Structures are given as structure tokens and as C-alpha cells.
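Asker: Numbering follows our numbering, in which position 288 of the sequence shown is assigned residue number 283; successive positions increment by one, without gaps.
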Amino acid sequence: MTAPQNPITRAIWDGTLPIKFSLDSTEAAALGAKAIVEPYFIEAPRCSYFPLWTSQIRKYFVDMALNFIGDDAEIWYDVDGTPLKWHYPIGLLYDLHTGYRPDSNSPPPLPWPVTVHFKNFPTDKLIKAQAIDATQDFFMSMIKEADFLRNGSTKKVMNLSKNDQTQLWDGLWSKNYDKFWSVNYRLVINDGQMPKHVPMRIYLPDNCPVIQEPISPIDENGNQLTLGDVLHQVLPELFPSPLPSENASAAPVPVIHGIIPQLEIPIVWASQNLCYPDNFLHIVVLLGI
-4 MTAPQNPITR
6 AIWDGTLPIK
16 FSLDSTEAAA
26 LGAKAIVEPY
36 FIEAPRCSYF
46 PLWTSQIRKY
56 FVDMALNFIG
66 DDAEIWYDVD
76 GTPLKWHYPI
86 GLLYDLHTGY
96 RPDSNSPPPL
106 PWPVTVHFKN
116 FPTDKLIKAQ
126 AIDATQDFFM
136 SMIKEADFLR
146 NGSTKKVMNL
156 SKNDQTQLWD
166 GLWSKNYDKF
176 WSVNYRLVIN
186 DGQMPKHVPM
196 RIYLPDNCPV
206 IQEPISPIDE
216 NGNQLTLGDV
226 LHQVLPELFP
236 SPLPSENASA
246 APVPVIHGII
256 PQLEIPIVWA
266 SQNLCYPDNF
276 LHIVVLLGI
């Protein structure tokens, strides 16, 4: 089966972020650096994960004569002193930690400055595990969790062949849209059936706990809910109406993949077309300008 020719999922898949990786200045001397270590720049897919780039980043800094003999699991990243959760997609981390509103008059903070650490892994804030294997395990657990929310079981994922399950991860790893979506399409489209619940997570500023609730895609009368309906249902104080605020710049906005989606779009459509590869609709809520 070939991947669907969906321009929206394709555009999301192709979305990238220029990132500037700088070595933590307090670690440089301890790691044997004799001079200023130049930053490393990459253009990373929004849908990717930092551990998939760690070996490449490590090689650059070690080639700069850093004395580091540990493994990739010891390497971690932070932004403005806040450790970055390695199991979150890169695009989600950017939207969450920069707080950049696409409707503002300011230019986006690019390249995104990220600090690389080779020492003092913050085990009180991040899970330490073998980078690539742990990322794959977490990714597949999210795929299964999304399947459970949609269907009440993980049968659709578990009924995939071993080759298909491997193809999901390999497609993400190799940035191959056709390889990934030719399998994932069968999961998110749900055989044309209305899902029981929508796999979604909502992120608020100031380190608030992530909101994940069982969200039905329809109301008690069987009418499909919109994104605005759901945000109003979950966060009535921030979204007092399912419709856009008249004073848009002062109102909170949802950000998905670096854009502000229309609140009138059906939540099922949003879930199927705007999800990350883990099949969750990750929504960052940003407050008024």
C-alpha cells in the first residue's frame, strides 16, 4: 500500500527547524577544550527527536578534540537552563519552550539556540536510558496508546505485521514519508469509523502539568465537535467560547506544528491530519501578546 497523497500531512512531515547547538561553556575546559568550540548547526525535522541526532552532534564536538568517552545516553540538551525532554518531538519542544506566537509581529527565534551537555545528567528531571532504543520504545508505546484511545484496545497496532511495525520506526528514522505513512494511514483513518476518543495532549505555560483527558469527538446529540469546542470544554477559563476571540492578540491561542489552526476545524479532522508521528495531537496553548 502506498502512502496517501495528503498535502497537509506531507507539509507537516517536511517541516524543519534550524538549530544552533552550543557546548555548555562551563564544561568545555573540563572536557579538554583548548579554545572556543564553534557551535554546530543542523536543520532538523520538526517530527524528529533529539536522540536521533545525538550521535552526529557528539561526533562533531568530539572531533573538536573534546575528551569524552561516555555513550550517547549521557548527552542531554537544555534551553535557557531548562532540560529538554528527549521523548518529545523537536517541533513540540520548540513551540513549548520558545513561546513564539505565529501571529506576533516579531520574527521567530531562529536558529533555535540549544545547549549541549556531556556531563551532569539531570536524573531528577530527565529519564536516563539508552538514547535510540529508549526513543523507539517510547514512540511505539505512544502509537499503541493513541490506538487504545481511538478504539478502546490496541488491536489495530498489534495486528500489524512485525514488518509493518518496524516500518513505522524506520520511516521516521530515515525521514521517509512514503514508508511511514503507507502504514500509519491505516491507523489514523480508523477504517472510516468515528473514534471513541481523540488522542491529544495540551501543554500550558509555566511548567503546568500536561493535560490528557478522554475527549469524545462528538457531543451528546452526535454532532462532531470542533477544535474550539474541545478547548472550551477542557479549558473554559482560557477559551470561554468555542469561537475565536474578537481581540485575537490578547486571547490565548492553540499552536500545532508552529501554526495557529482555525478553531472551527472538526477535532477528528485535526487528529487525523495534524497529529505528530506518534499519532497524538499535541497542542501548545500560548497566552495573549
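All C-beta atoms in this analysis are idealised placements derived from N, C-alpha and C, irrespective of residue type, glycine included. Quick caveat: nothing in here was measured; it's all calculated off a predicted structure.
Can you list, in chain order, the residues of its chain whose CB lies under 8 Å from that of residue 143, leaving out five sequence neighbours each side?
Answerer: The count along the sequence shown starts at 1 and reaches residue 143 at position 148. Once the five neighbours on either side are set aside, the close Cβ partners of residue 143 are 149.
Asker: Rounded to whole angstroms, what's the CA-CA distance from residue 230 to residue 103? Just pull it up for me.
Answerer: Taking the first residue of the sequence shown as position 1, residue 230 is located at position 235. Taking the first residue of the sequence shown as position 1, residue 103 is located at position 108. In a straight line, the C-alpha of residue 230 is about 27 Å away from that of residue 103.
Asker: Helix, strand or coil for residue 266, going by three-state DSSP, please let me know.
Answerer: Here the question's residue 266 lines up with position 271 in the sequence shown. Helix.
Asker: Helix, strand or coil for residue 259, going by three-state DSSP, please let me know.
Answerer: The residue you call residue 259 lines up with position 264 of the sequence shown. Looking at residue 259 - three-state DSSP - the assignment turns out to be coil, as it is neither helix nor strand.
Asker: Considering only residues of the region 73 to 135, which uninterrupted beta strand (DSSP E) runs meet the minimum length of 3 residues and lie entirely inside it, listed in chain order?
Answerer: The qualifying runs are 107 to 112.
Asker: Go ahead and pull the three-state DSSP assignment for residue 13.
Answerer: Along the sequence shown, one-based indexing puts residue 13 at 18. DSSP places residue 13 in strand when its eight states are reduced to three.
Asker: Leaving out the 5 sequence neighbours to the left and right, which residues in its chain are closer than 6 Å to residue 166 when beta-carbon positions are compared?
Answerer: Here residue 166 is taken as the residue at index 171 of the sequence shown, counted from 1. Answer for residue 166: 174 and 175, listed in chain order.
Asker: By Cβ distance, which residues of its chain are closer than 7 Å to residue 265, with the 5 residues on each side in sequence left out?
Answerer: Against the sequence shown, residue 265 aligns to sequence position 270. The residues are 222, 256 and 276.
Asker: Would you mind reading off the limits of the alpha helix (DSSP H) that contains residue 227?
Answerer: Position 232 of the sequence shown, counted from the first residue, corresponds to residue 227. 222 to 229 is the span of the alpha helix (DSSP H), which, as asked, contains residue 227.
Asker: Would you give the residue range spanned by the alpha helix (DSSP H) that residue 281 belongs to?
Answerer: What you label residue 281 is simply residue 286 of the sequence shown in a count that begins at 1. That residue, residue 281, is in no alpha helix (DSSP H); its beta strand (DSSP E) goes 276 to 281.
Asker: In terms of alpha-carbon separation, which member of 215, 131, 178 and 69 lies closest to residue 151?
Answerer: As a first step, residue 151 is located in the sequence shown; it is residue number 156 there, counting from the start. The residue with the shortest Cα to Cα distance from residue 151 is 178.
Asker: What number of angstroms, rounded off, separates the C-alpha of residue 195 from the C-alpha of residue 83?
Answerer: Here residue 195 is taken as the residue at index 200 of the sequence shown, counted from 1. Here residue 83 is taken as the residue at index 88 of the sequence shown, counted from 1. C-alpha separation (whole angstroms): 14 Å.
Asker: Between the C-alpha atoms of residue 155 and residue 163, what's the straight-line distance to the nearest angstrom?
Answerer: To locate residue 155, count along the sequence shown from 1; it is residue 160. To locate residue 163, count along the sequence shown from 1; it is residue 168. Roughly 10 Å between the two C-alpha positions.
Asker: Check the C-beta distance from residue 286 over to residue 78 and give it rounded, since I have them as a contact under 8 Å.
Answerer: Only positions -4 to 284 of the chain appear in the structure, and residue 286 is not among them; the question remains open.
Asker: For the candidate residues 61, 55, 52 and 86, whose alpha-carbon lies nearest to that of residue 7?
Answerer: The residue you call residue 7 lines up with position 12 of the sequence shown. With distances taken between Cα atoms, residue 7 lies closest to 86.
Asker: So what's residue 41 in DSSP terms, helix, strand or just coil?
Answerer: Position 46 of the sequence shown holds residue 41. The answer is coil: DSSP assigns residue 41 none of H, G, I, E or B.
Asker: Take the Cβ of residue 12 as the centre, count every other Cβ of all protein chains shown within 10 Å, and call the residue buried at 16 or more, exposed below.
Answerer: The residue labelled residue 12 in the question sits at position 17 within the sequence shown. Per the 10 Å Cβ criterion, buried.
Asker: CA-CA distance, residue 145 and residue 208?
Answerer: Position 150 of the sequence shown, counting from 1, holds the residue named residue 145. Position 213 of the sequence shown, counting from 1, holds the residue named residue 208. Spanning the two alpha carbons is a distance of roughly 13 Å.
Asker: How close, in whole Å, do the beta carbons of residue 249 and residue 269 come, if the pair is a contact with beta carbons under 8 Å?
Answerer: Your numbering for residue 249 matches position 254 in the sequence shown. Your numbering for residue 269 matches position 274 in the sequence shown. So it is not a contact: roughly 10 Å between Cβ atoms.
Asker: Pick helix, strand or coil for residue 195, following the three-state DSSP scheme.
Answerer: Along the sequence shown, one-based indexing puts residue 195 at 200. It is a strand residue.
Asker: So the alpha helix (DSSP H) residue 57 belongs to, where does it begin and stop?
Answerer: On the sequence shown, position 62 is the one that residue 57 refers to. 46 to 58 is the span of the alpha helix (DSSP H), which, as asked, contains residue 57.
Asker: I'd like to know if the region 29 to 43 and the region 125 to 144 are in contact, where contact means that at least 3 CB-CB pairs between them fall below 8 Å.
Answerer: Cβ pair count under 8 Å is below three, so no.
Asker: Would you tell me roughly how many angstroms separate the C-alpha atoms of residue 116 and residue 123, rounded to the nearest one?
Answerer: Within the sequence shown, residue 116 is the residue found at index 121, counting from 1. Within the sequence shown, residue 123 is the residue found at index 128, counting from 1. Their backbone Cα atoms lie some 8 Å apart in a straight line.
Asker: Measure the Cβ-Cβ separation of residue 113 and residue 26 and say whether it is below 7 Å.
Answerer: The residue you call residue 113 lines up with position 118 of the sequence shown. The residue you call residue 26 lines up with position 31 of the sequence shown. Cβ distance < 7 Å, so residue 113 and residue 26 count as in contact.
Asker: Could you check what DSSP says for residue 160 in three-state terms: helix, strand or coil?
Answerer: The count along the sequence shown starts at 1 and reaches residue 160 at position 165. It is helical.
Asker: Alpha carbon to alpha carbon, how far is residue 213 from residue 191?
Answerer: Here the question's residue 213 lines up with position 218 in the sequence shown. Here the question's residue 191 lines up with position 196 in the sequence shown. Their backbone Cα atoms lie some 9 Å apart in a straight line.
Asker: Assuming contact is defined by CB atoms lying nearer than 7 Å, are residue 239 and residue 258 in contact in what I supplied?
Answerer: Residue 239 sits at position 244 when you count from the first residue of the sequence shown. Residue 258 sits at position 263 when you count from the first residue of the sequence shown. Yes; because the gap between Cβ atoms is below 7 Å, this pair is in contact.
Asker: What span of residues does the beta strand (DSSP E) with residue 32 cover, start to end?
Answerer: For the purposes of this step, residue 32 is taken as residue 37 along the sequence shown, with counting starting at 1. Premise fails: residue 32 is in no beta strand (DSSP E) and is neither H nor E.
Asker: Helix, strand or coil: which one does DSSP assign to residue 249?
Answerer: Locating residue 249 in the sequence shown gives position 254, where the first residue counts as 1. Looking at residue 249 - three-state DSSP - the assignment turns out to be strand.
Asker: Take the Cβ of residue 141 as the centre, count every other Cβ of all protein chains shown within 10 Å, and call the residue buried at 16 or more, exposed below.
Answerer: If you number the sequence shown from 1, residue 141 lands on position 146. By the 10 Å Cβ count, residue 141 comes out buried.
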